[in-house]
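Participant: Order-wise, the sequence lines are chains Z and S.
Numbering-wise (my numbering), the first sequence opens with residue 1 and increments by one.
Numbering-wise (my numbering), the second sequence opens with residue 1001 and increments by one.
Note that the Cβ used here is the ideal one computed from N, Cα and C, for glycine as well.
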Amino acid sequence: MWQALYEELKDKGFMVVAVAQESRGAEHARPWIEQAGSSYWQLIDTDHRLEDLYNLVNVPQAIWIDEQGRIARPPETAGSTDHFRRMDLSTRTMTPRDQAERLAARQAYLDAVRAWVATGAHALPAAAVRADLPKVTPEIAEARARFRLGVWLRANDRAAEGDLHLAEASRLHPESWSLWRQAADLDEVGKASGPEFWKRVQALGDRPYYPPPKL
Amino acid sequence: MTKILTPTGEHDIAAHDGLWMSPVDAERVTGWTLKPEGMCRADLCVPLPASALAPNEVDLEAFWKKLGGPVVASEARDVWALGAAAEERNATLEGLEAPDFTLPDIDGVPRTLSQLRGRKVFLATWASW
């Protein structure tokens, strides 16, 4: 997904680290990774550790990290948009206008990454990064522990019991699409984008599924 | 053996009656060391109530809850998960140093974020689902 960007910028002190939030494990992610033919790091994160460490709620989200290892932009949507919510579900297609807008938004995001690498543009001052960091609540912290336990139980032939903890994780942290969708996928491949997913998306109403980055 | 899952690891520990264990095992799981002042890590010590201590044993569940971290267990109490406390996560993120991690690539080779110091890193998630 980021290979062209990486090729273009890799000699300018730039690296891409793509982390698969994939509780089914490496082999499940392998076809996508091999198809991407990427030369940057492609890592496998079966326990969604990255989402725990950085308080993430959806994929794809990105964090920009500068040369000193400092967070230059808080977690934000990485190039995706909400246009998919208006697509024709029977044909799975978007209108030409939505497709064009979606592409333009993605292009603008990639251009922002290019500008950051070239000049440091779009890196935020510390106070602005802090102000935009989503806060971890005790409920979110418990949801992470439940999710970890649920994934382990599922991987060790205790699916029914694991599902109880995964469901409780989603109840405790309803804003996390990743917790819900990963649990749905563990239940059955495809379920994460099935009818129940669309019902949840519709229930958002005016709220975004992919909040646009504040560039 | 009791299985204990932490944010970064997985341990098999000889625990009894919940998470009562030797201080050596408690340190192995948490990185905190039992001292006369309490459980200590670097310069920080967290005192433990007498009810969480026994001769050469410590109640890890009581300690972890004192830290503010979530503790959840399977029905048979043979598998436990200790989560990071919300305040710890927030304090780390607000420090703005990117939390470090080590994860395997597709061939199982471990990769550590901090190895990339000196470069700009675009750290992004994705999933097949």
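Measure from the C-beta of Lys-1120 (chain S) to each C-beta in chain Z and report whether the shortest distance is under 7 angstroms.
Facilitator: Cβ-Cβ to chain Z under 7 angstroms: yes for Lys-1120 (chain S).
Participant: Following the continuous alpha helix (DSSP H) through Gln-107 (chain Z), name the residue where it begins and the one where it ends.
Facilitator: Where Gln-107 (chain Z) is concerned, the enclosing alpha helix (DSSP H) stretches over 96-119.
Participant: Indicate whether at least one CB of chain Z lies closer than 7 angstroms to the CB of Asn-1090 (chain S).
Facilitator: With 7 angstroms as the cut-off, Asn-1090 (chain S) counts as an interface residue toward chain Z.
Participant: Who are Arg-44 (chain Z)'s beta bridge partners in DSSP?
Facilitator: Note that residue 44 (chain Z) is Ile in the sequence shown, not Arg. Z:Ala-20, per the DSSP bridge assignment.
Participant: In or out: Gly-162 (chain Z) buried (at least 16 other Cβ within 10 Å) or exposed?
Facilitator: Buried.
Participant: Does Thr-1033 (chain S) get closer than 7 angstroms to chain Z when you measure Cβ to Cβ?
Facilitator: For Thr-1033 (chain S), the answer is no, since every Cβ of chain Z falls outside 7 angstroms of its Cβ.
Participant: Taking C-alpha atoms, which residue in Z:Pro-125, Z:Leu-56, Z:Ile-44 and Z:Tyr-40 lies nearest to Pro-180 (chain Z)?
Facilitator: Before going further, note that residue 180 (chain Z) is Trp rather than Pro in the sequence given. Comparing Cα-Cα distances from Trp-180 (chain Z) to each of Z:Pro-125, Z:Leu-56, Z:Ile-44 and Z:Tyr-40, the minimum goes to Z:Leu-56.
Participant: Give every residue of the same chain whose Cβ lies closer than 6 angstroms to the Cβ of Leu-166 (chain Z), excluding the five residues on either side of it in the sequence, and list them in chain order.
Facilitator: Once the five neighbours on either side are set aside, the close Cβ partners of Leu-166 (chain Z) are Gly-150 and Ala-183.
Participant: To the nearest angstrom, report how far apart Asp-66 (chain Z) and Arg-1077 (chain S) are at their CA atoms.
Facilitator: Computed Cα separation, rounded: 43 angstroms.
Participant: Can you tell me where the alpha helix (DSSP H) holding Val-1024 (chain S) begins and where it ends?
Facilitator: Val-1024 (chain S) -> alpha helix (DSSP H) spans 1023-1030.
Participant: Given a threshold of 16 other Cβ atoms within 10 Å of its Cβ, counted over all protein chains shown, does Asn-1056 (chain S) qualify as buried or as exposed?
Facilitator: Classification for Asn-1056 (chain S): exposed.
Participant: Using 7 angstroms as the threshold, is the C-beta distance between Glu-34 (chain Z) and Ala-1127 (chain S) below it?
Facilitator: Contact: no.
Participant: Would you call the CB atoms of Ala-104 (chain Z) and Ala-1124 (chain S) closer than 7 angstroms?
Facilitator: Contact: no.
Participant: Considering only DSSP beta bridges, list what Arg-1041 (chain S) is partnered with.
Facilitator: Looking at the DSSP assignment, Arg-1041 (chain S) forms a beta bridge with S:Leu-1044.
Participant: For a test of the three-state rule: what should DSSP assign to Thr-1006 (chain S), helix, strand or coil?
Facilitator: DSSP places Thr-1006 (chain S) in coil when its eight states are reduced to three.
Participant: Pop quiz: Ala-29 (chain Z) and Ala-36 (chain Z) are said to be a contact at Cβ under 8 angstroms. What is the actual Cβ separation, rounded to whole angstroms?
Facilitator: Ala-29 (chain Z) to Ala-36 (chain Z), Cβ: 10 angstroms. No contact.
Participant: To which residues does DSSP link Gln-1115 (chain S) through a beta bridge?
Facilitator: Paired residue(s): none; Gln-1115 (chain S) is not in a bridge.
Participant: Does Pro-212 (chain Z) have its Cβ less than 7 angstroms from a Cβ in chain S?
Facilitator: No, its Cβ sits nowhere closer than 7 angstroms to a Cβ of chain S.
Participant: Hey, is Leu-124 (chain Z)'s beta-carbon within less than 7 angstroms of any beta-carbon in chain S?
Facilitator: Answer no: the Cβ-Cβ gap between Leu-124 (chain Z) and chain S never drops below 7 angstroms.
Participant: Just the Cα atoms here: how many angstroms apart are Ala-72 (chain Z) and Ala-126 (chain Z)?
Facilitator: About 8 angstroms.
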